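Quick note: to get our numbering, add 152 to the position in the sequence shown (first position is 1).
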Amino acid sequence: MKSNTVTFSAVTSAILLLTFSVVTNTYSCQYPGWQQKVNYDMDVTLNTSLHQYSGDMNVRYFNNSPDKLDKVFWYAFFNAFQPGSMMDVRSRNISDPDARVGDRILHLPEDEWGWIKDVELTMNGEPCTVTIEETIIVTELPASILPGGYADFKMTWNAQVPRQIRRSGWMNKEDIEYSMTQWYPKLCEYDHEGWHSHPYIGREFHGVWGDYDVSIHLPSGYVVAGTGQNTGTIEASVKSGDWHFTAENVIDFAWVADTDFITESVAVDNKLTMNFLHTPNDEYDKPWTELPRFAVEAMRFFNDFVGRYPYPQYTVAQGGDGGMEYPMMTLVRGNRSLPSLVGVTVHEMAHSWFQAVVATNEALYEWMDEGFTSWIESECMAVISPEEMTKPRAGGAHASAYYSYTQQALSGNEEALSTHADHYTTNRAYGVAAYSKGEVLMEQLGAVIGSEVRNEAVKVYFNEWSFKHPGPLDFKRVMEKASGIELDWYFDYFVNTTHTIDYRIHEVKTSRDVARVTLERVGVMPMPQDLKVTFKDGSTMEYHIPLVIMRGNRPLADNEVLSPDWPWTNPFYTMDIPTQGKRISKIELDANLLQADVNRTNNFIAFKGIGKTNFIRE
Ligand SMILES: [Zn+2]
Numbered sequence: 153m154k155s156n157t158v159t160f161s162a163v164t165s166a167i168l169l170l171t172f173s174v175v176t177n178t179y180s181c182q183y184p185g186w187q188q189k190v191n192y193d194m195d196v197t198l199n200t201s202l203h204q205y206s207g208d209m210n211v212r213y214f215n216n217s218p219d220k221l222d223k224v225f226w227y228a229f230f231n232a233f234q235p236g237s238m239m240d241v242r243s244r245n246i247s248d249p250d251a252r253v254g255d256r257i258l259h260l261p262e263d264e265w266g267w268i269k270d271v272e273l274t275m276n277g278e279p280c281t282v283t284i285e286e287t288i289i290v291t292e293l294p295a296s297i298l299p300g301g302y303a304d305f306k307m308t309w310n311a312q313v314p315r316q317i318r319r320s321g322w323m324n325k326e327d328i329e330y331s332m333t334q335w336y337p338k339l340c341e342y343d344h345e346g347w348h349s350h351p352y353i354g355r356e357f358h359g360v361w362g363d364y365d366v367s368i369h370l371p372s373g374y375v376v377a378g379t380g381q382n383t384g385t386i387e388a389s390v391k392s393g394d395w396h397f398t399a400e401n402v403i404d405f406a407w408v409a410d411t412d413f414i415t416e417s418v419a420v421d422n423k424l425t426m427n428f429l430h431t432p433n434d435e436y437d438k439p440w441t442e443l444p445r446f447a448v449e450a451m452r453f454f455n456d457f458v459g460r461y462p463y464p465q466y467t468v469a470q471g472g473d474g475g476m477e478y479p480m481m482t483l484v485r486g487n488r489s490l491p492s493l494v495g496v497t498v499h500e501m502a503h504s505w506f507q508a509v510v511a512t513n514e515a516l517y518e519w520m521d522e523g524f525t526s527w528i529e530s531e532c533m534a535v536i537s538p539e540e541m542t543k544p545r546a547g548g549a550h551a552s553a554y555y556s557y558t559q560q561a562l563s564g565n566e567e568a569l570s571t572h573a574d575h576y577t578t579n580r581a582y583g584v585a586a587y588s589k590g591e592v593l594m595e596q597l598g599a600v601i602g603s604e605v606r607n608e609a610v611k612v613y614f615n616e617w618s619f620k621h622p623g624p625l626d627f628k629r630v631m632e633k634a635s636g637i638e639l640d641w642y643f644d645y646f647v648n649t650t651h652t653i654d655y656r657i658h659e660v661k662t663s664r665d666v667a668r669v670t671l672e673r674v675g676v677m678p679m680p681q682d683l684k685v686t687f688k689d690g691s692t693m694e695y696h697i698p699l700v701i702m703r704g705n706r707p708l709a710d711n712e713v714l715s716p717d718w719p720w721t722n723p724f725y726t727m728d729i730p731t732q733g734k735r736i737s738k739i740e741l742d743a744n745l746l747q748a749d750v751n752r753t754n755n756f757i758a759f760k761g762i763g764k765t766n767f768i769r770e
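Encoded structure:
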């Protein structure tokens, strides 16, 4: 699995001093050029009075790995919704439980439990040995699947859909009848990091790329939307209760059904349609009528900012318990104000780029999923926001992420980003790490390699890693190649440790023509620095100070001066600023607020009036 080993290797710096540099090359294996593939051909019949369904599927599994497989694993997510399950126990023991779960699983009556059972499975016609270990179906194969080979599985099973608790189930709080997510036996991913069969305790999904052909039978009158394309007309399917969807090259398949759904479809262009489904309600009909305009704008923004959305449709459906992303669709709670509805939709849509298409293992590298998604969401919201949301956000589009992360870091309860998503000791530590620190990691790269270089590299990353499972090392390499800067230290500190950034102005000594400024690294994490000097006449000077370990520097603005590299082992850095007899009014570090400096009060000095312009910080 994943290892967070940090090794120290000595390098001799160009200035003939022995420097120690943090080098990490073990926090993720790099993508090896192969990945598994699986095709599902599924037929399910839902009994809407018992909330049970029977399923039948043919699965062709291609073993593209160099390894012989004697076992495979499948998720049986619904088995989490029974008293005493790992998810139930986790929810009752964590200090800050998700209010949507709490002790609800413990108190489910038996007819509201979820389960998947009666699993019958053959491989190439031979029976498999099946052991259901709660949310994972462990399967011993009758013969090995050889490298480069494939196996044909045939599975039948029975399932009971749980009363909706976390994301999936029947009759959610807004009476949406079926939110069918994580609902079928889904093959776990085997990749260059091995099997990923972690039990389901409430979050994070990872999947094998493949094609889905899904037939759903339920009583007439239901409107169904799902991942992929509906091959019939909605009218005919509502009447017959027979629905058929196909989806190519996705990592999952979700669907939603209700008898009252109103559907609206909008063509974004001749290759892409967006669909919106909600149930009629006086309180939230209006925001749902206004949503499509913003969602289409967001789609265009992401196409331009990251890369072209590759699928033919995207559906926003009322359902689930908050907002959750699935390939080609999202389920969101419907009773919201317009800003909230647009905000959640934009976030979940953004996952189409970072989760559905660039499908990082979000259990292991949650920051590459939620963090990158939050980052492009904030970029998008700054552009498309409904009027009532356009009040300027102090500190820019990403200010709230910086605030949450720095507050968490200062609280002492931060856990490293490299923690497995399920294993943080609090939900808050997970949330701040994955969403806020992940967003900061991306925005803060602007201070290291330059914001424009970063933005262009994000497009390259999307382009190179679409329909793959990149890890941290793969992302780091894209950023390094785009910038020519070594970034091991940046990812190692920010992902694998909870060390923080705090730089300050230590001392200023002014003579007639020169100000001698001494900066100090107070926090453990090194960062390149940007110093801005403002003179009393309003003119400014800007200096960029790279780190030695970067072996390069970001592009400079026209008015910026490149200062000598800072060897990170030195706590202090002294520079002479020519003043040409002008008096200084202010000296400031990181004036663009790109760094997650945990103490900004020591980042600047203002010299008032005509008094002294010398300063020493005690
Ligand atoms: Zn998300």
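Virtual Cβ for every residue (Gly too), placed ideally from N, Cα, C.
None of these values were measured; they are calculated from a predicted model.
Secondary structure at residue i, three-state DSSP: helix, strand or coil?
{"i": "Q187", "result": "coil"}
{"i": "T176", "result": "Note that T176 scores 35 on pLDDT, short of 50, meaning its location in the model is unreliable; the coordinates nonetheless yield the value given after this. Three-state DSSP puts T176 in coil, outside helix and strand."}
{"i": "A758", "result": "strand"}
{"i": "H499", "result": "helix"}
{"i": "V282", "result": "strand"}
{"i": "P624", "result": "helix"}
{"i": "T753", "result": "helix"}
{"i": "I386", "result": "helix"}
{"i": "I109", "result": "Since the first and last residues shown for the chain are 153 and 770, residue 109 lies out of range."}
{"i": "E326", "result": "coil"}
{"i": "Y374", "result": "coil"}
{"i": "H259", "result": "coil"}
{"i": "I736", "result": "strand"}
{"i": "V403", "result": "In the sequence under discussion, the amino acid at residue 403 is Ile, which differs from the Val named in the question. Residue state, collapsed to three classes: coil."}
{"i": "K391", "result": "helix"}
{"i": "E531", "result": "helix"}
{"i": "S635", "result": "helix"}
{"i": "W267", "result": "strand"}
{"i": "T558", "result": "helix"}
{"i": "Y517", "result": "coil"}
{"i": "K589", "result": "helix"}
{"i": "V509", "result": "helix"}
{"i": "G564", "result": "coil"}
{"i": "F428", "result": "strand"}
{"i": "V584", "result": "helix"}
{"i": "N245", "result": "helix"}
{"i": "F775", "result": "An answer regarding residue 775 cannot be provided, because it is not within the stretch 153 to 770 covered by the chain."}
{"i": "R629", "result": "helix"}
Rounded C-beta distance between residue i and residue j? I'm assuming under 8 Å.
{"i": "V610", "j": "V458", "result": "6 Å"}
{"i": "A406", "j": "G378", "result": "6 Å"}
{"i": "I268", "j": "P235", "result": "I268 to P235, Cβ: 17 Å. No contact."}
{"i": "Y183", "j": "K628", "result": "That belief does not hold up - the Cβ atoms of Y183 and K628 are roughly 12 Å apart, past 8 Å."}
{"i": "M451", "j": "G495", "result": "Contact doesn't hold; Cβ gap of about 15 Å is too wide."}
{"i": "L592", "j": "Y554", "result": "The sequence shown places Val at residue 592, rather than the Leu named in the question. Going by Cβ atoms, the distance from V592 to Y554 rounds to 6 Å, so yes, they are a contact pair."}
{"i": "I403", "j": "W361", "result": "6 Å"}
{"i": "Q187", "j": "D343", "result": "6 Å"}
{"i": "P719", "j": "P698", "result": "Going by Cβ atoms, the distance from P719 to P698 rounds to 11 Å, so no, they are not a contact pair."}
{"i": "T731", "j": "A667", "result": "5 Å"}
{"i": "F759", "j": "T765", "result": "5 Å"}
Does residue i pass the burial test, meaning 16 or more other C-beta atoms within 10 Å, or should it be called exposed?
{"i": "E278", "result": "exposed"}
{"i": "K338", "result": "buried"}
{"i": "E608", "result": "exposed"}
{"i": "D665", "result": "exposed"}
{"i": "H575", "result": "exposed"}
{"i": "F96", "result": "Only positions 153 to 770 of the chain appear in this structure, which leaves residue 96 out of reach."}
{"i": "L429", "result": "buried"}
{"i": "K589", "result": "buried"}
{"i": "N744", "result": "exposed"}
{"i": "I768", "result": "exposed"}
{"i": "Y179", "result": "Its pLDDT being 45, under 50, Y179 is placed unreliably by the model, and the measurement read from it follows with that caveat. Buried."}
{"i": "D689", "result": "exposed"}
Hey, which unbroken runs of the beta strand (DSSP E) at 3 residues or more fall wholly within the stretch 639-701? Segments of the beta strand (DSSP E) lying fully in the stretch 639-701: 655-662, 666-673, 681-687 and 692-697.
In chain order, which alpha helix (DSSP H) runs of at least 4 residues are fully inside the stretch 430-494? Here the runs fully enclosed are 437-457.
Please give the ranges of any beta strand (DSSP E) in the stretch 215-242, keeping only runs that are unbroken, at least 3 residues long and fully inside the region. When DSSP assignments are scanned along the stretch 215-242, the uninterrupted stretches of beta strand (DSSP E) that are 3 or more residues long and fall wholly within it turn out to be 221-227.
Inside the stretch 342-366 only - beta strand (DSSP E) runs reaching at least 3 residues: For the stretch 342-366, whole beta strand (DSSP E) runs of length 3 or above, ordered along the chain, are 346-348.
Ordered list of alpha helix (DSSP H) runs contained in the stretch 595-622, each at least 4 residues: If one requires a minimum length of 4 residues, the alpha helix (DSSP H) runs lying completely within the stretch 595-622 are 603-617, in chain order.
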